[in-house]
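A.B. asks: Once you've had a glance at the structure underneath, I'll fire off some questions.
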Ligand SMILES: Nc1ncnc2c1ncn2[C@@H]1O[C@H](COP(=O)(O)OP(=O)(O)OP(=O)(O)O)[C@@H](O)[C@H]1O
Ligand SMILES: [Mg+2]
C-alpha cells in the first residue's frame, strides 16, 4: 500500500498521464470528425442523392457490422499496402471517426426526421432556400435533440479509444502495458489505468450534462426547471 | 383596361397527380385583388393540394398559374422550371398559414415573424424586429412577442403564424384549415383575426370547415369534390340555394353536424 502510493504512483503516473493526454486528443479529434461525417452522411441520405446515398447506406451498414478492433486493424494494415502511410495516431483517428461517424449518421437522421415537415413547408413558403431551412430551422433543433446521444457516444469513445493501443498508439492503456512489461506490476498499473479512465469519463459525463443544460433552451426544458425557478430554488 | 392590375392569383387547368391518383383534375381559380375566396369540400377532395400547387410547394403536373401576371414556377413560353432563386422570390410573395401548428419552436413569437424578414428579405435585425412587433400587434399578440411557441395556446400560435405570413407583405394569403387543429374555444380568436383581414380587403384564399366564417367573410365560395370544382357561387346563393346536388348533400351533412343556422338570402 505504502509502496503503491509512494513509489509506484510517483514513478509511473506521469507516463500514464502522457498516455491519457493522447487518449483525450484521440477522442476529441475523432469525435469532431465523426460529427462531420455523421452529419454529412445523414444529409446525403435524407436528400436521397442518387448514387451517393446508396454508398452512404452501405458504409453505415458495413461499419456497424464489423467490430471496432477489426476495423482498426484492417485500416492500420491495409493503408500502407495501398501506399498511404499514416502514423498510428492518425490511423486511430481515422478508424475511430469512421466507426462513430456511422453510428452518428443514424442519430442525426433520426433527429432530423423528428422535425415536423410542416416546419420545412413554413420556411419554404416564406421564400427560404432549402439550405436556409436546414441552417435556421431544422439543424438548430435537430442538434439539440441529438446532443444527449452525442454526449453518450463521446463518453463511450473515451473508453473505446483504448482499442487503439493494438495499433501501437501510445495512449493510456498502451503506456500502462509498457510499464507492466518492464515492472511486472500488472495489478497496480491496471488499477491506475482504471482510475484515470474513470476520472476522465466521470468528468466528461458531468461536462456533457452541463453543456446539455446550458444549450437546452427554455422551450424544451422540462417543467421541473420552471418549477424550481418559480419556487426560487434556482 | 390598360390600368387594371393583373389578379394576384390566376390558375387555369391545374392537374395534380400522386402516382395513379388524380387529386386535382382541371381546376381553375382566379382571385381578384381584395377578394376573399373560401374553399370548402369533403375531406380528401384536394383542397390542401390546391393550395400547395398554387404556392408551388407541390408543383402541378399541368396547368398554368400566374402570380400577379407573372408565370409561377415556370419560365413563361416554355415549360422550363424557373431558377431556385426565382421560385423563392415568387414563394415569398405568397403567404401561407397551415393547418398544423408549425411555428418554429426554437424561436420566440417575434423571432418567428422576423425570420423571413432577416433571412429572405435581408433586413437588419433591429428593423425586422420593429416590423415583427407591428405585425404581432395587428394580431393582438404584442404582449407575447418574447414568448416561445410552447408557452402559447394553439389559437395564439396560429395568430403568430398569420403575423409571420403577413410580415412578408404577400400578394395573397392562403389559409389551410387554420382552425381545425384547435380546441373549440380557441377557434374564435383566430377567425376574428381572419375576419378583420377580410374586412381590410386582404386578398385571401381560405380552406375551411367553418361554415359561418365562410358565409360571413367570403366574397365567393368554391366547393370542391374529388379534385374538381363542383360549384362556384356567392355565399348567399351557395348556402341559401346550392345549385349542385353534391353541394346540397355536403351542406346537409355539415350544417346538421355543426347545427348552424344560415339565413337564406
Ligand atoms: N403527398 C401525397 N402523396 C400521395 N397522395 C396524397 C398526397 N397528398 C395528398 N394526397 C391525396 O390526395 C387527396 C387529396 O388530399 P388533400 O389533402 O388535398 O385533401 P383535402 O381536401 O385537403 O382534405 P382534408 O379536408 O382532409 O384536409 C387525398 O386522397 C390524399 O390522400
Ligand atoms: Mg387538407
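Residue numbers (our numbering), protein chains in the order written: chain A, 34 to 267; chain B, -12 to 252. Each residue gets a CB set at the ideal place from its N, CA and C atoms; glycine is no exception.
Cβ of residue 112 of chain B within 7 Å of any heavy atom in ligand 2?
C.D. replies: To locate residue 112 of chain B, count along the second chain from 1; it is residue 125. Flag unset: Cβ of residue 112 of chain B not near ligand 2.
A.B. asks: Quick one: grab the DSSP three-state call for residue 34 of chain A.
C.D. replies: The residue you call residue 34 of chain A lines up with position 1 of the first chain. Three-state result, residue 34 of chain A: coil.
A.B. asks: Please name the residue in A/151, A/55, A/218 whose C-alpha comes closest to that of residue 229 of chain A.
C.D. replies: For the purposes of this step, residue 229 of chain A is taken as residue 196 along the first chain, with counting starting at 1. Here the closest residue by C-alpha is A/55.
A.B. asks: Just list the alpha helix (DSSP H) runs in the stretch 86 to 174 of chain A, keeping only unbroken ones of 4 residues or longer that don't cross its boundaries, in chain order.
C.D. replies: If we require 4 residues or more, the alpha helix (DSSP H) runs fully inside the stretch 86 to 174 of chain A come out as 101 to 111, 121 to 146, 150 to 158.
A.B. asks: If you measure from the CB of residue -9 of chain B, is any heavy atom of ligand 4 nearer than 7 Å?
C.D. replies: With respect to small molecules bound, the structure shown includes ligand 1 and ligand 2 and not ligand 4.
A.B. asks: Taking 8 Å as the threshold, find out whether the stretch 125 to 133 of chain A comes into contact with the stretch 57 to 67 of chain A through three or more Cβ pairs.
C.D. replies: Segments in contact, yes.
A.B. asks: What are the residues of the stretch 156 to 168 of chain A that lie near chain B, defined by any Cβ-Cβ distance shorter than 9 Å?
C.D. replies: Hits within the stretch, in order: 156, 157, 158, 159, 160, 161, 162, 163, 165, 168.
A.B. asks: Kindly provide the chain-ordered list of residues whose Cβ lies closer than 5 Å to any non-hydrogen atom of ligand 1.
C.D. replies: Going by the Cβ distance cut-off, the answer is B/5, B/10, B/30, B/31, B/32, B/33, B/34, B/35, B/36.
A.B. asks: If we cut at 8 Å on Cβ distances, does residue 193 of chain A have a partner in chain B?
C.D. replies: The count along the first chain starts at 1 and reaches residue 193 of chain A at position 160. Taking Cβ atoms only, chain B never reaches closer than 8 Å to residue 193 of chain A, which makes this a no.
A.B. asks: Just to confirm, are residue 191 of chain B and residue 28 of chain B a CB contact at a threshold of 8 Å?
C.D. replies: Indexing the second chain from 1 puts residue 191 of chain B at position 204. Indexing the second chain from 1 puts residue 28 of chain B at position 41. Not closer than 8 Å, so no.
A.B. asks: What did DSSP end up calling residue 102 of chain B once you bin it into helix, strand or coil?
C.D. replies: Here the question's residue 102 of chain B lines up with position 115 in the second chain. Residue 102 of chain B: helix per DSSP, three-state reduction.
A.B. asks: Apart from the five residues on each side of it in sequence, which residues of its chain come closer than 7 Å, Cβ to Cβ, to residue 94 of chain B?
C.D. replies: Here residue 94 of chain B refers to the residue found at position 107 when the second chain is read from its first residue. Cβ within range, chain order: 102.
A.B. asks: Distance, Cα to Cα, residue 95 of chain A vs residue 136 of chain B?
C.D. replies: The residue given as residue 95 of chain A occupies position 62 in the first chain. The residue given as residue 136 of chain B occupies position 149 in the second chain. Spanning the two alpha carbons is a distance of roughly 42 Å.
A.B. asks: With respect to 7 Å, is the separation between the Cβ of residue 156 of chain B and the closest non-hydrogen atom of ligand 2 below this value?
C.D. replies: Reading the second chain from its first residue, position 169 is the one you call residue 156 of chain B. Answer for residue 156 of chain B: no, Cβ out of range of ligand 2.
A.B. asks: What does the Cβ neighbour count give for residue 107 of chain B, buried or exposed, with the cut at 16 atoms within 10 Å?
C.D. replies: What you label residue 107 of chain B is simply residue 120 of the second chain in a count that begins at 1. So residue 107 of chain B counts as buried.
A.B. asks: What are the uninterrupted segments assigned as alpha helix (DSSP H) that are 4 or more residues long and contained completely in the stretch 66 to 98 of chain B, given in chain order?
C.D. replies: Correct list: 71 to 78.
A.B. asks: Quick one: does residue 120 of chain A have its CB under 8 Å from some CB of chain B?
C.D. replies: In the first chain, the residue the question calls residue 120 of chain A occupies position 87. Closer than 8 Å: no.
A.B. asks: Which of helix, strand or coil does DSSP assign to residue 0 of chain B?
C.D. replies: Position 13 of the second chain, counted from the start, is the residue given in the question as residue 0 of chain B. Looking at residue 0 of chain B - three-state DSSP - the assignment turns out to be strand.
A.B. asks: Using a Cβ-based criterion (distance less than 7 Å to any ligand heavy atom), does residue 164 of chain B qualify as near ligand 2?
C.D. replies: Your numbering for residue 164 of chain B matches position 177 in the second chain. It does: the Cβ of residue 164 of chain B is within 7 Å (strictly closer) of some heavy atom of ligand 2.
A.B. asks: Tell me residue 219 of chain B's beta-bridge partners as DSSP assigns them.
C.D. replies: Indexing the second chain from 1 puts residue 219 of chain B at position 232. Answer is B/209, bridged to residue 219 of chain B.
A.B. asks: With DSSP as the reference, label residue 17 of chain B as helix, strand or coil.
C.D. replies: Working through the second chain from its first residue, we reach residue 17 of chain B at position 30. Of the three classes helix, strand and coil, the one that applies to residue 17 of chain B here is strand, per DSSP.
A.B. asks: Should the stretch 218 to 232 of chain A be called in touch with the stretch 78 to 94 of chain A, which here means at least 3 C-beta pairs below 8 Å?
C.D. replies: Judged by Cβ distances under 8 Å, the stretch 218 to 232 of chain A makes no contact with the stretch 78 to 94 of chain A, as fewer than three pairs qualify.
A.B. asks: Quick check: the stretch 53 to 64 of chain B against the stretch 167 to 187 of chain A, are there 3 or more CB pairs under 8 Å?
C.D. replies: Taking 8 Å as the limit for Cβ pairs, the verdict is that the stretch 167 to 187 of chain A does not touch the stretch 53 to 64 of chain B.
A.B. asks: Determine the DSSP secondary structure at residue 49 of chain B, reduced to helix, strand or coil.
C.D. replies: Numbered from 1 along the second chain, position 62 holds the residue referred to as residue 49 of chain B. Residue state, collapsed to three classes: strand.
A.B. asks: Taking the alpha helix (DSSP H) that residue 232 of chain A belongs to, which residues open and close that run?
C.D. replies: Residue numbering aside, residue 232 of chain A sits at position 199 when the first chain is read from its first letter. Residue 232 of chain A -> alpha helix (DSSP H) spans 219 to 248.
A.B. asks: Alpha carbons only, please: which of A/139, A/191, A/217 is nearest the one belonging to residue 72 of chain A?
C.D. replies: For the purposes of this step, residue 72 of chain A is identified with residue 39 of the first chain, where counting begins at 1. When each option's Cα is compared against that of residue 72 of chain A, the closest is A/139.
A.B. asks: Alpha carbon to alpha carbon, how far is residue 210 of chain A from residue 48 of chain A? Give it in angstroms, no decimals.
C.D. replies: Sequence index remark: in the first chain, residue 48 of chain A carries index 15 (1-based). Sequence index remark: in the first chain, residue 210 of chain A carries index 177 (1-based). So the two alpha carbons sit approximately 11 Å from each other.
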